[in-house]
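Chains as they are written, first to last, in the UniProt record's numbering: chain A, 1 to 330; chain B, 1 to 336.
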Ligand SMILES: Nc1ncnc2c1ncn2[C@@H]1O[C@H](COP(=O)(O)OP(=O)(O)O)[C@@H](O)[C@H]1O
Ligand code: SF4
Ligand SMILES: [Mg+2]
């Protein structure tokens with residue numbers, strides 16, 4: 001099996017605010033291997049963005065603080081790295097694109113300026129060389145039009161800006177690209193194009209991708225492995241075939257039911273009942289218990305462990321233990 | 001940028017017209033009789049009538065205004081009642097003195113204001129932040145005349161580090177070229193003179209620049225904190241560039257837009273302050289020129305002096321507007 005590029009172990013990242021402590025990430029494990037595309041899925045507010053920002057070292061501290069766990073990137077523990085070390089890794093070995101293409105580029109500098117800056121932050125080369133590299137990279141992300149380098153962000157559409165962001169992230173050929181809801185703000189046709197582009201870059205450069213989304217439909221297309229998150233924790237993880245055919249966690253099952261399907265003419269779309277828990281007051285036991293249709297007494301008292309349900313498939317639910325004991329008595 | 005500049009210049013015409021009308025109206029509303037100023041208290045009514053006729057003061061006000069405007073368009077600012085000199089010929093050096101003082105004051109205000117603001121954002125809620133904002137709070141609260149007098153007392157009288165008034169040591173008097181002494185000194189390549197000019201300008205410029213400095217510092221802080229949270233600053237950090245570039249390139253340039261607005265508004269105050277500062281430091285600028293004219297009831301000089309100050313104000317605002325467009329490419333392309 002290939003080496004892990006990123007290995008997050010038992011990460012706890014909490015925000016210490018005036019109103020109390022938000023346990024945005026609470027004991028998260030996540031591994032991404034060389035060249036792999038991993039999907040991180042979950043409802044809005046479950047801690048996906050915070051997780052990715054933690055990896056990049058971009059969580060505002062204070063109020064954020066990593067209280068436990070480690071983030072190993074190519075062997076270095078980023079939770080112990082200095083700002084200077086983090087700066088050397090960011091943008092070079094590990095890059096990120098964001099949900100908001102409209103606001104992610106600085107409105108006051110040209111596209112060229114911002115791309116060249118990304119190159120020269122890590123590589124000592126002339127402006128002309130960096131500019132040439134920028135031009136080539138823009139071509140690779142599908143912007144062949146001349147003169148874009150001298151244009152300002154407001155002259156480009158959302159889709160184009162996201163392409164520029166991708167070019168900027170990929171320009172130094174990083175080992176890991178984190179894409180936080182890269183297509184959420186774009187319309188459907190553009191969405192598909194951007195995802196396809198990322199898939200192509202993954203094949204061409206062998207860059208591992210962490211694709212973050214709240215939309216299972218997006219990950220179905222292109223992820224090797226899918227990690228489902230709920231309220232700061234991983235609840236299920238497996239490859240995409242098994243996740244879609246045999247989801248084991250009630251939350252995943254609910255998510256799958258709520259994907260609109262073209263062939264079914266349903267009156268109303270299924271929605272998981274209830275709401276995500278108040279981040280200041282997480283349920284004591286299973287965090288999904290207040291919304292779970294199969295909740296049991298034990299769920300309200302004890303936190304279920306993330307345990308294997310079969311080879312390469314883990315889930316965080318007491319139902320699996322019950323099933324096992326059933327099998328035992330049969 | 002060129003088209004934008006041209007458009008802004010065209011828009012100046014109505015502004016300048018309105019300005020001339022207001023200044024004219026205000027000066028005419030000042031109680032007192034110019035004819036008495038000229039003829040003195042002992043003049044007979046006939047003599048006064050004669051003088052009024054010569055000055056055109058017997059005509060309807062709107063005719064007076066149009067005559068005044070016509071002269072203005074030809075660059076004629078009128079004639080001093082007291083010295084009988086043409087104002088347009090003697091106002092230049094005063095204007096240069098005020099402009100030089102204001103430029104240095106605003107440069108000091110911008111440099112220290114912006115960096116103080118950045119210092120406090122950089123370490124938000126630390127003693128650096130509180131310290132900087134305390135200085136800013138004191139800065140906005142200090143009356144100019146008090147600060148000016150304190151400076152004179154401490155640095156000129158007690159310590160003797162700086163001269164207390166004037167623009168240049170009288171022994172260094174020279175044949176001015178631009179009447180901007182700093183520029184002239186540079187043109188002559190005379191470092192001794194430059195040093196002396198800077199020594200003279202420092203105290204009044206600090207007195208004049210302190211309030212704008214403090215206001216700019218506060219504005220910089222809030223504006224920087226706002227921009228700091230924006231997505232593109234996060235993108236800049238994600239690239240792994242230095243914190244210096246993140247702050248001075250990506251954040252400050254965006255934060256400058258609201259800061260510039262404040263600077264533009266401060267300039268009106270600054271010109272008002274210039275009159276006060278010039279009086280305290282015997283600075284031979286337009287402020288002093290008007291102050292002396294008021295004492296001698298020299299109406300045309302008062303009128304033209306105010307007009308020139310207002311003109312400087314409008315020009316500085318034009319420069320601020322052009323700076324906006326230069327900083328923010330969206331302004332030139334968009335509708336205003
Ligand atoms: N700067 C912050 N201060 C306090 N709480 C925060 C901050 N950033 C995020 N959070 C909280 O962390 C939780 C996870 O947020 P986020 O990672 O953005 O969710 P998502 O999965 O939608 O990306 C949310 O409850 C959010 O309110
Ligand atoms: S542990 Fe209990 S409450 Fe939680 S998902 Fe499983 S069955 Fe539902
Ligand atoms: Mg998010």
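For each residue, glycine too, the CB sits at the ideal point set by N, CA and C. None of these values were measured; they are calculated from a predicted model.
Spatial neighbours of residue i within its chain, please: CB distance less than 6 Å, with the 5 preceding and 5 following residues excluded, ordered by chain position.
{"i": "residue 152 (chain B)", "result": "164"}
{"i": "residue 335 (chain B)", "result": "Residue placement at residue 335 (chain B) is poorly supported in this model, since its pLDDT is 43, which falls under 50; the coordinates are not used for a value here."}
{"i": "residue 291 (chain B)", "result": "279"}
{"i": "residue 190 (chain B)", "result": "none"}
{"i": "residue 201 (chain B)", "result": "104"}
{"i": "residue 317 (chain A)", "result": "249 and 304"}
{"i": "residue 240 (chain A)", "result": "223 and 226"}
{"i": "residue 334 (chain A)", "result": "This structure leaves residue 334 (chain A) out entirely; chain A is present only between 1 and 330."}
Note down, in chain order, every chain B residue with its Cβ under 8 Å from the Cβ of residue i.
{"i": "residue 58 (chain A)", "result": "234, 237 and 238"}
{"i": "residue 90 (chain A)", "result": "237, 238, 239 and 240"}
Between residue i and the rest of its own chain, which residues show a CB-CB distance below 7 Å, the 5 nearest in sequence each way excluded?
{"i": "residue 213 (chain B)", "result": "108, 109, 112, 113 and 139"}
{"i": "residue 233 (chain B)", "result": "227, 246, 250 and 251"}
{"i": "residue 191 (chain A)", "result": "183"}
{"i": "residue 231 (chain A)", "result": "46, 276, 277, 282 and 287"}
{"i": "residue 220 (chain B)", "result": "113, 114, 117, 118, 255 and 259"}
{"i": "residue 177 (chain B)", "result": "184 and 187"}
{"i": "residue 89 (chain A)", "result": "73"}
What span of residues does the alpha helix (DSSP H) with residue i cover, start to end?
{"i": "residue 49 (chain B)", "result": "45-55"}
{"i": "residue 238 (chain B)", "result": "231-238"}
{"i": "residue 212 (chain B)", "result": "191-228"}
{"i": "residue 320 (chain B)", "result": "299-327"}
{"i": "residue 298 (chain A)", "result": "297-301"}
{"i": "residue 132 (chain A)", "result": "127-140"}
{"i": "residue 144 (chain B)", "result": "144-151"}
{"i": "residue 271 (chain A)", "result": "From DSSP, residue 271 (chain A) is part of no alpha helix (DSSP H); its letter is neither H nor E."}
{"i": "residue 77 (chain B)", "result": "Counting along the chain, residue 77 (chain B) falls outside any alpha helix (DSSP H), and DSSP gives it neither H nor E."}
{"i": "residue 278 (chain A)", "result": "Taken as a continuous stretch (DSSP letters only), residue 278 (chain A) belongs to no alpha helix (DSSP H), as it is neither H nor E."}
{"i": "residue 41 (chain B)", "result": "Here residue 41 (chain B) belongs to no alpha helix (DSSP H), and DSSP marks it neither H nor E."}
Pull the bridge partners of residue i from the DSSP assignment, please.
{"i": "residue 84 (chain B)", "result": "Its beta-bridge partners do not exist; DSSP assigns none."}
{"i": "residue 70 (chain A)", "result": "A:9"}
{"i": "residue 180 (chain A)", "result": "A:212"}
{"i": "residue 230 (chain A)", "result": "A:233"}
{"i": "residue 64 (chain A)", "result": "A:15"}
{"i": "residue 239 (chain A)", "result": "A:225"}
{"i": "residue 187 (chain A)", "result": "Bridge partners of residue 187 (chain A): none, in fact."}
{"i": "residue 97 (chain A)", "result": "A:179"}
{"i": "residue 90 (chain A)", "result": "A:94"}
{"i": "residue 4 (chain A)", "result": "A:33"}
{"i": "residue 122 (chain A)", "result": "Looking at the DSSP assignment, residue 122 (chain A) forms no beta bridge with any residue, so it has no partner."}
{"i": "residue 258 (chain A)", "result": "Partner(s): none; residue 258 (chain A) has no beta bridge."}
{"i": "residue 104 (chain B)", "result": "DSSP lists no partner for residue 104 (chain B)."}
{"i": "residue 313 (chain A)", "result": "A:238 and A:310"}
In chain A, what lies closer than 7 Å to residue i by C-beta?
{"i": "residue 230 (chain B)", "result": "103"}
How far does the beta strand (DSSP E) with residue i in it extend, from its first residue to its last?
{"i": "residue 33 (chain A)", "result": "20-33"}
{"i": "residue 273 (chain B)", "result": "Premise fails: residue 273 (chain B) lies in the alpha helix (DSSP H), 252-280, not in any beta strand (DSSP E)."}
{"i": "residue 39 (chain A)", "result": "37-41"}
{"i": "residue 30 (chain B)", "result": "Per DSSP, residue 30 (chain B) belongs to no beta strand (DSSP E) and is neither H nor E."}
{"i": "residue 310 (chain A)", "result": "307-310"}
Who are the near neighbours of residue i in its chain, counting only those whose CB is closer than 8 Å to its CB and skipping five residues on each side?
{"i": "residue 329 (chain A)", "result": "With a pLDDT of only 44 at residue 329 (chain A), under 50, the local geometry of the prediction cannot be trusted, and the value read off the model is given with reservation. So no residue of the chain qualifies."}
At a Cβ threshold of 9 Å, is residue i touching chain E?
{"i": "residue 73 (chain A)", "result": "Note that chain E does not occur in the displayed structure, where the protein chains are A and B."}
I want to verify the contact list: residues of chain A whose CB lies under 8 Å from the CB of residue i, in sequence order.
{"i": "residue 258 (chain B)", "result": "Here the premise fails: no neighbours, minimum Cβ distance about 13 Å."}
{"i": "residue 327 (chain B)", "result": "108"}
List, in chain order, every chain B residue whose beta-carbon is nearer than 7 Å to that of residue i.
{"i": "residue 54 (chain A)", "result": "Residues of chain B passing the Cβ test: none, with the nearest at roughly 13 Å."}
{"i": "residue 96 (chain A)", "result": "238"}
What does residue i reach in chain A if we use C-beta pairs closer than 9 Å?
{"i": "residue 254 (chain B)", "result": "106, 107 and 108"}
{"i": "residue 221 (chain B)", "result": "Those within 9 Å of residue 221 (chain B) in chain A number zero; the least Cβ separation is about 17 Å."}
Three CB pairs or more closer than 8 Å across the stretch 213-226 of chain A and the stretch 19-30 of chain A: Output reads no: the stretch 19-30 of chain A does not touch the stretch 213-226 of chain A.
Inter-stretch contact at 8 Å, needing at least 3 Cβ pairs: the stretch 305-321 of chain B / the stretch 23-36 of chain B: yes
Segment contact flag, the stretch 91-105 of chain B with the stretch 167-185 of chain B, C-beta cutoff 8 Å, min 3 pairs: yes
Cβ contact check for the stretch 260-269 of chain B and the stretch 126-140 of chain A: 3 or more pairs under 8 Å: no
Contact the stretch 99-111 of chain A vs the stretch 152-171 of chain A: 3+ CB pairs below 8 Å: yes
The stretch 49-58 of chain A contacting the stretch 284-298 of chain A, beta-carbon criterion three pairs below 8 Å: Using a C-beta cut-off of 8 Å, the stretch 49-58 of chain A makes no contact with the stretch 284-298 of chain A, since fewer than three inter-stretch Cβ pairs fall below that distance.
contact_flag[the stretch 197-215 of chain A, the stretch 31-40 of chain A] where n(CB pairs < 8 Å) is 3 or more: yes
Three-pair Cβ contact test at 8 Å for the stretch 72-84 of chain A versus the stretch 111-121 of chain A: The stretch 72-84 of chain A vs the stretch 111-121 of chain A: no contact.
The stretch 172-190 of chain B in contact with the stretch 76-84 of chain B per 3-pair CB rule at 8 Å: no
Segment contact flag, the stretch 294-309 of chain B with the stretch 119-134 of chain B, C-beta cutoff 8 Å, min 3 pairs: no
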